[in-house]
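The block underneath contains the structure these notes are about, expressed in structure tokens.
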Amino acid sequence: MRWRFLARRLLMLIVSLLVASFVIFGALYLAPGNPITALSGGRALPPASLRVLEARYHLNQPFFAQYWYWLENALHGNLGISITLQENVSSVIAARMWTTGGLVLFASLIILVFGIGSGVIAALRPGLADTSVLVSTSISAALPSFVAAIVLITVFSVKLGWFPALGNGTGFWSSVRHFTLPAIALAISSVAIVARVTRAAVREEADREHVQTAISRGIPMRQIVRRHILRNAAIPITTVSGITIASLIAVAAVVETAFSLNGLGAYLVQAAESKDLAVVQGISLVLVTAFVVINAVVDVLYAVLDPRVALGSRAQ
Amino acid sequence: MGQRQRRSAAAATLAACALLAAACGRSAGGSNSSSDLVSPTRGLVITTPAGTKPVSSVTWAVYRPVNSLDPIFAFDYPENTAISLMCESLLLQAPDGSVGPGLATVATPNPTTMVFTLRPGVKFWDGDAVTPADVVYSLDRQMLPSYGGFYGQVFNRVKSIAATGANQVTITLKQPDYWLEGELSSMPGIIIQKSFAEKQGKNYGTPAGGIMCTGPYMFKSWTAGGGVTAAADPHYWNAAVKPKVGQIVIKGVPSAASFTSGMLTGAIQGSYYFGLSNLKQLENSSTVHVFQGPGQATDAFIVSATTGPLANVKVRQAISLALGRQAIVDQVYDGAAMMPRWLANPGTFGYGKSVFTAAYDKSPVLTQNLAEARKLIKEAGVAGQTITIGTSSELASISAETGAYQQAAEAIGLKVVLKSVSAADYINFFTSVEARKGIDGFITVNYGDYADPAALLATLAIPGGDQNYDNFSNPEMTSLLNQAEGTANPDQRAALVAKAEELAAKLLPWIPSVQPTNVLMLSKGLTGATASFSYMFAPWADNLGGT
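Protein chains in written order, with the working numbering: chain A, 14 to 329; chain B, 14 to 560.
Below you can see the structure in the form of structure tokens.
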């Protein structure tokens, strides 16, 4: 069972990667402009130099030959060379992966703690707590991360000077300080969504017959919440958290740019603009992999949370 | 021949804006004292007072991360800023644009021979002396197409480059070329170590390979996350220069909003950030000093039409007369630009200064005159005809400036169609005939490799010039520029180029919009950086230090 699940997921990952790589390669190939022009800033190169550079990056070959060349190398673990940076794509990715990884991880933590936390409080404590969560989530759900970034920088870096306005920082605590505002900017609208879904799910479970019965039988509330409400509400909460966290990977580009963090997302945008094919391919594959892995983790969680759910089948 | 360097700095400003469009709205700030800045250098500083105290570390922002440290691939602000910090060229462009001895002195025994003598004691960071072999190798790398470098055309008139003595290199020319000295004081003249570069091969100038140069700041590290780090070289060959900053980190900051907050909070201590819409906010800050120095870039409307209304010189003149340039100065540059008289930015007067300045001061400022413009349109008989302008609505400055041209053309009875492309595709107007099809013109910010008005003019006003998109051809212009390239005496050369510029201001192969000044921003407490555009081509941090 487990092995079949793993094998199926692995196959899915490989197919996703193959399809994604082909589609991205094709789209970039068809898009106007060429990487050499981007490299030379529009300068008209002498024809001889142009030929040398085109041959160096196999740009003079037909589409399928180029794709095959890339794929063959990728299968051997060589993701190619960035045309603009003249650096191995794998080292470009390795150097930037921790920025994006750390940012997404930090933001996920914020989403889980504050999103689920405030959702549960709102559901179980009607009145002021509920209303204030509702109001604040309404506002933050409508706040795109780039707007949040500008507001956070203006208030907390420029005016108050509590957090640095840009950069990655060196060492753990300095990095935490540097990543706090970006992580909040990245998380803020997702916190609201997770809080809303959590609130609805917990409310629904709390109104269930078995919960009412348990209350009438005098079972302590704390136990009811833990055993009967949260456990059952966990599946929708896991689903929405999984989806929002997976989507953070894509949104990270915007936040990385706003805070001048050298992450994968920001570099992906830059590479796509300069048509740096190998880099776009490499980073995309990392993102696709992360997305598929997060979804697989969510599926495993379903089975753990609810024994009725078979591993690999979708929860209801 | 006549094909010279060209830049579409357009792509630069833009990319900065392209990512975070919201941060790039232009504040319609009050007008600066910009009308005072009409004279070539009044109100502008070429450098800032030398720093006196040591500073441990400075973070210097560029609009995107550095791509390459190889001078043969240096074409844009980030690469030039990093390379000119660490590397030195054969000749040196001073902050005022004049060309003098760099790693070598030059003699011209006859018009087709240039003899370079290496200055005594010049050595690389590893202590090895610079040899003629290094010089020949560095120039060959620039010149030979097999390296794929961007500057090959600069050496069009070169017949041979050879070591001719223990400290001597001779360049033999096919015909006289007095523009080559300017080029050799810029990226094409940067000298790198032969043995190091040969060992690194294609890795030279990449994060994996590093570089070996001669400048006061030596390459220390280049991490993808932290930018390019250069450290003061305690054994720098030139005893007259004592670098005072422990290390300088060149960091890419693609978002203008992020840059501004970085400057305001002190996370960034200096920059030559270009085309900033919220410059006033930094000028008013108590933690930042903003300086304006002579620029060498020209903001202009490229005429690419070979037929239609714009092919008629009267129509070009009419649009130029109808253009509201002051609004561009105020809104697009937030005051950091001057009204033009010529196509050339007066910051390019690197030689024959008195000749250039006298001629420039005599030329009229290109101010607005709608009545005169309408008269010209009537004479041309083109009222009601349509011109098509290529633009990109994603690029705030380009789009605002296109709007100014649209307004000008419509005010004098022309119809305007805008063809907007994505920010990334804007560059195609410069490079692809296909993309220019049906387009009568588009906006650019353009500069040459060294301080000479001819450096830009020759690319667009001589048949075959690589930016001559409208096949502009005028025998007098061609002859003036060709004569200038072969004229040894700087004042005589300046007189010829000045005549060509006066002609260009009338015939308008391109329409000059405004002349951006060079903006330098420094944290308070930091001083000594070059304030002129020369920072793009020559060491700019020799005197950088604390106050």
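All C-beta atoms, glycine included, are put in the ideal place defined by N, C-alpha and C.
Determine the DSSP secondary structure at residue i, reduced to helix, strand or coil.
i: Lys66 (chain B); result: strand
i: Gly38 (chain B); result: No answer about Gly38 (chain B) holds up, because its pLDDT of 28 lies below 50 and its placement is not dependable.
i: Tyr42 (chain A); result: helix
i: Ala117 (chain B); result: strand
i: Asp49 (chain B); result: Residue placement at Asp49 (chain B) is poorly supported in this model, since its pLDDT is 36, which falls under 50; the coordinates still yield a value, given next. Three-state DSSP puts Asp49 (chain B) in a helix.
i: His302 (chain B); result: strand
i: Asp312 (chain B); result: strand
i: Pro84 (chain B); result: helix
i: Val430 (chain B); result: strand
i: Phe129 (chain B); result: strand
i: Ala331 (chain B); result: helix
i: Ala396 (chain B); result: coil
i: Pro592 (chain B); result: Because chain B spans 14 through 560 in this model, residue 592 (chain B) falls outside it and cannot be assessed.
i: Ser44 (chain B); result: The pLDDT assigned to Ser44 (chain B) is 34, lower than 50, so where the model puts this residue is not dependable; a value taken from the coordinates is nonetheless given after this. Ser44 (chain B) falls in the coil class under three-state DSSP.
i: Trp523 (chain B); result: strand
i: Thr167 (chain A); result: helix
i: Thr401 (chain B); result: strand
i: Tyr548 (chain B); result: helix
i: Ala142 (chain B); result: strand
i: Asn481 (chain B); result: coil
i: Tyr315 (chain A); result: helix
i: Pro322 (chain B); result: helix
Among the options, which residue has its Cα nearest to the Cα of residue i?
i: Ser536 (chain B); options: B:Tyr217, B:Val58, B:Ile281; result: B:Ile281
i: Thr193 (chain A); options: A:Thr97, A:Val268, A:Arg240; result: A:Val268
i: Thr377 (chain B); options: B:Lys255, B:Ser367, B:Trp355, B:Lys391; result: According to the sequence as given, residue 377 (chain B) is Pro; it is not Thr. Nearest C-alpha to Pro377 (chain B): B:Trp355.
i: Gln166 (chain B); options: A:Met25, A:Ser34, A:Pro48, A:Pro60; result: A:Pro60
i: Ala263 (chain A); options: A:Val204, A:Ser158, A:Val171; result: A:Ser158
i: Tyr439 (chain B); options: A:Pro320, A:Thr302, A:Val301, A:Ser287; result: A:Ser287
i: Thr211 (chain A); options: A:Ile129, A:Leu116, A:Ala178, A:Ala271; result: A:Ile129
i: Leu408 (chain B); options: B:Ser290, B:Arg170, B:Thr185; result: B:Ser290
i: Gln99 (chain A); options: B:Asn216, B:Ser151, B:Tyr160, B:Ser111; result: B:Asn216
i: Thr512 (chain B); options: B:Asn484, B:Ala324, B:Ala467, B:Thr227; result: Looking at the sequence provided, one finds Lys at residue 512 (chain B) rather than Thr. Comparing Cα-Cα distances from Lys512 (chain B) to each of B:Asn484, B:Ala324, B:Ala467, B:Thr227, the minimum goes to B:Ala467.
i: Gly265 (chain B); options: B:Glu92, B:Lys66, B:Ala497; result: B:Glu92
i: Gly114 (chain A); options: A:Leu314, A:Ala279, A:Leu72, A:Ala291; result: A:Ala279
i: Gly206 (chain A); options: A:His191, A:Gly255, A:Val238; result: Going by the sequence as given, residue 206 (chain A) is Ile instead of Gly. Comparing Cα positions, the closest option is A:Gly255.
Within its chain, find whatever has a CB closer than 6 Å to the CB of residue i; leave out the 5 residues flanking it on each side and keep chain order.
i: Met200 (chain B); result: Pro84, Ala87
i: Gly403 (chain B); result: Lys432, Phe442, Ile452, Phe455
i: Arg216 (chain A); result: Ala136
i: Ala142 (chain B); result: Lys136
Just confirm the distance between the C-beta atoms of residue i and residue j, as a whole number of angstroms; I'd bet it's less than 8 Å.
i: Thr150 (chain A); j: Ala208 (chain A); result: 5 Å
i: Leu156 (chain A); j: Ile197 (chain A); result: The pair is not a contact, with the Cβ atoms about 11 Å apart (cut-off 8 Å).
i: Ile163 (chain A); j: Ala384 (chain B); result: Ile163 (chain A) to Ala384 (chain B), Cβ: 45 Å. No contact.
i: Thr60 (chain B); j: Thr457 (chain B); result: Thr60 (chain B) to Thr457 (chain B), Cβ: 28 Å. No contact.
i: Ile263 (chain B); j: Val79 (chain B); result: 6 Å
Taking 8 Å as the CB-CB cut-off, is residue i touching chain A?
i: Thr236 (chain B); result: yes
i: Ala221 (chain B); result: yes
i: Arg77 (chain B); result: yes
i: Lys375 (chain B); result: no
i: Ser69 (chain B); result: no
i: Gly165 (chain B); result: yes
i: Ala270 (chain B); result: yes
i: Phe546 (chain B); result: no
With 8 Å as the threshold, decide whether the Cβ of residue i is near any Cβ in chain B.
i: Gly184 (chain A); result: no
i: Leu281 (chain A); result: no
i: Gln74 (chain A); result: no
i: Arg190 (chain A); result: no
i: Phe272 (chain A); result: yes
i: Leu194 (chain A); result: no
i: Ala61 (chain A); result: yes
i: Pro177 (chain A); result: yes
i: Ile166 (chain A); result: yes
i: Leu92 (chain A); result: no
i: Leu66 (chain A); result: yes
Given residue i, which residues of its chain have a CB within under 7 Å of its CB, disregarding the five upstream and five downstream residues?
i: Ile261 (chain B); result: Val71, Trp73, Leu98, Tyr230, Ala243, Ala554
i: Ser333 (chain B); result: Leu379, Leu521, Ile524
i: Thr185 (chain B); result: Thr125, Thr126, Lys172, Ser173
i: Thr300 (chain B); result: Leu277, Gly279, Ser536, Lys537
Under 8 Å, Cβ to Cβ, is there at least one residue of chain C near residue i?
i: Lys215 (chain B); result: Absence of chain C from the displayed structure is noted, the protein chains being A and B.
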